[in-house]
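Trainee: Please find one structure pasted underneath; my questions will follow.
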Amino acid sequence: MNSITDKIINKIKKEHLKPMPKWRFWLRDSGLWAGFSLFIFLAILSLGLLWYFLSDEPWHIGYGLFFSRMPILFFIFIILGALLSLFYFRNTSRGYRYSFVKLGFCLLVIVIIAGWSFNYFGISQQVDKIFGSSSLYQDRQAFMKEVWQKPTDGLLAGKIISIIDVNSFSFLDFDGKTWIVDSTSAIWRHNLKSEKNLEIKMIGKIVDNIFIAQDIRPWLGPGCGMMMKVGSCGLIK
Amino acid sequence: MITEKDCLQFSDNDLVERAMSNPDYYACLVNRYTESLRHYILRLGSTISDSEDILQEVFLNVYLHLNDFDKKLKFSSWIYRIAHNQTIDLFRKNNVRPTIELNDLIPWQEMARDSCPGCVIDQEILKQKIKLILEKLNPKYREVIVLKYFEEKDYNEMSDILRKPMGTIATLVNRAKKQFTKLAKEQLLH
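Residue numbers (our numbering), protein chains in the order written: chain A, 112 to 348; chain B, -14 to 175.
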């Protein structure tokens, strides 16, 4: 044995040193994987919710609305979740073998596909309901009302208060004003049917104090992507 | 007591297994890696006196972390990684500039001659000039050059030692060679 070997072995024996237990390393590795899973889930969920919130926006009135009223918080969560999951993955035992760019690209694809699936299968809608009473949700309601309560711009939101006939109903908007709505040429999205107390949002125009509806949608989103056909959305019947 | 002859029968992974319950088997691993790690630590820029301390710390650390060894990796890559980190940490802690000990010049000489094919230089002057080149070489480039040309590690092992993707290692090696050639031309022509 050489001198350094003697020193090391003597020290180990004299101080009764033992290799650290496996569970400590297992705990560290599990922590890293848990961190990765948590943050990628945060990014996916945020994207799913964002997709859900924006899928029913009145895009025809311009994309300026999208940029000016984007729920920034969700954007931050998506970016933060993606970056932190990347950090955690890179620190796992073999994460260093993957290049930052390739890994970032793969995570992005996973987040986009999973985020879209969350929206498609109605998970985003369920989460939206679960967090219904949170302040975030209140903000969203306020934001939606601001967007959809613009009769002069052809946007109207509120509740059906009575059915007049097959093609018209009486409607109370979120500002408390009552309207007569003509739905003769309206498209009822997502299998909606005219019924009392139904909360809806509409695109149309005002003619002689009557709101002529062209497009009628549920007040809270459909729970599936805006690219989907009517009635084909995941959990929503 | 385990003899050196006994040690030869076992692979690194077998010795790791046995060392968990009997530190005498760990002596085999220490013996097996002392010289190569000492050279590696010196080539990274440590002084001779520091290298002994680093070496002891490395072997103690490795022993304490034996359960952290991933058997899908080569044990040599793992122990080199720990030695690398320990050496770099010491440089940072003491805020010292690595000093190059030129005790094994051959690969450096070959690289320097490739950089300036027609140059005829006295050995002693060449040694001094190479020392200057190495001290000027960016540490991240010196690390990969040491691993590739002195330790003769392949890209896969270098990736495991430095915890960097293989593509990054290849890029670093290329850049290191370019920087070495550039500095060698400047030094050897003056």
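Ideal Cβ placement from N, Cα and C applies to all residues, glycine included.
To which residues of the same chain is residue 275/A closer than 8 Å at the C-beta, ignoring the five residues directly before and after it?
Mentor: On the first sequence, residue 275/A is found 164 positions in, with the first residue counted as 1. Cβ neighbours of residue 275/A beyond the five flanking positions: 281, 291.
Trainee: When you check each C-beta in the stretch 253 to 269 of chain A against every C-beta of chain B, which residues fall closer than 7 Å?
Mentor: Correct list: empty, as no residue qualifies.
Trainee: Tell me the DSSP bridge mates of residue 329/A?
Mentor: For the purposes of this step, residue 329/A is taken as residue 218 along the first sequence, with counting starting at 1. The partner list for residue 329/A (beta bridge, DSSP) reads 311/A.
Trainee: Against residue 163/A, what residues of chain B qualify as contacts under a CB-to-CB distance less than 8 Å, listed in chain order?
Mentor: On the first sequence, position 52 is the one that residue 163/A refers to. In chain order: nothing, as chain B lies at least about 36 Å away.
Trainee: Where residue 155/B and residue 129/B are concerned, what is the direct C-alpha to C-alpha distance, given to the nearest angstrom?
Mentor: In the second sequence, the residue the question calls residue 155/B occupies position 170. In the second sequence, the residue the question calls residue 129/B occupies position 144. Computed Cα separation, rounded: 9 Å.
Trainee: When you compare each of 329/A, 266/A, 285/A to residue 316/A by their alpha carbons, which one comes out closest?
Mentor: Indexing the first sequence from 1 puts residue 316/A at position 205. Checked all of 329/A, 266/A, 285/A; the closest Cα to residue 316/A is 266/A.
Trainee: Expressed to the nearest angstrom, what Euclidean distance is found between the alpha-carbon atoms of residue 158/B and residue 113/B?
Mentor: As a working note, residue 158/B is residue 173 in the second sequence. As a working note, residue 113/B is residue 128 in the second sequence. Roughly 23 Å separates the two Cα atoms.
Trainee: Whole angstroms is fine: what's the gap from residue 325/A's alpha carbon to residue 151/A's?
Mentor: Residue 325/A sits at position 214 when you count from the first residue of the first sequence. Residue 151/A sits at position 40 when you count from the first residue of the first sequence. If I take the Cα positions, the gap works out to 40 Å.
Trainee: Which two residues bound the contiguous beta strand (DSSP E) that contains residue 292/A?
Mentor: Taking the first sequence and counting its residues from 1, one reaches residue 292/A at position 181. Unbroken beta strand (DSSP E) run through residue 292/A: 289 to 293.
Trainee: Can you tell me the Cβ-Cβ gap for residue 12/B and residue 203/A, rounded? I've got them flagged as a contact below 8 Å.
Mentor: Start at 1 with the first residue of the second sequence, and residue 12/B comes out as number 27. Start at 1 with the first residue of the first sequence, and residue 203/A comes out as number 92. With 8 Å as the limit, residue 12/B and residue 203/A do not qualify as a contact, their Cβ atoms being about 32 Å apart.
Trainee: Run through DSSP, which three-state label would residue 284/A get?
Mentor: Locating residue 284/A in the first sequence gives position 173, where the first residue counts as 1. DSSP places residue 284/A in strand when its eight states are reduced to three.
Trainee: Using beta carbons (cut-off 8 Å, strictly below), is residue 158/B in contact with chain A?
Mentor: Residue 158/B sits at position 173 when you count from the first residue of the second sequence. Not one chain A Cβ lies under 8 Å of residue 158/B.
Trainee: Would you list the residues sitting across from residue 269/A in a DSSP beta bridge?
Mentor: Counting from one through the first sequence, the residue named residue 269/A turns up at place 158. DSSP output for residue 269/A lists 284/A, 311/A as bridge partner(s).
Trainee: Counting only beta-carbon atoms, is residue 5/B nearer than 8 Å to chain A?
Mentor: Position 20 of the second sequence, counting from 1, holds the residue named residue 5/B. Cβ-Cβ to chain A under 8 Å: yes for residue 5/B.
Trainee: Residue 5/B lies in the alpha helix (DSSP H); which residues open and close that run?
Mentor: As a first step, residue 5/B must be located in the second sequence, where it is residue number 20. Note, residue 5/B: alpha helix (DSSP H), -3 to 6.
Trainee: Could you tell me whether the stretch 23 to 30 of chain B touches the stretch -3 to 10 of chain B, using the rule of 3 or more Cβ pairs below 8 Å?
Mentor: Touching, no.
Trainee: So does the stretch 60 to 67 of chain B actually touch the stretch 127 to 140 of chain A, counting three or more Cβ pairs closer than 8 Å?
Mentor: No contact exists between the stretch 60 to 67 of chain B and the stretch 127 to 140 of chain A.
Trainee: To the nearest angstrom, how far is the alpha carbon of residue 57/B from that of residue 145/B?
Mentor: Working through the second sequence from its first residue, we reach residue 57/B at position 72. Working through the second sequence from its first residue, we reach residue 145/B at position 160. Distance between the alpha carbons of residue 57/B and residue 145/B is about 11 Å.
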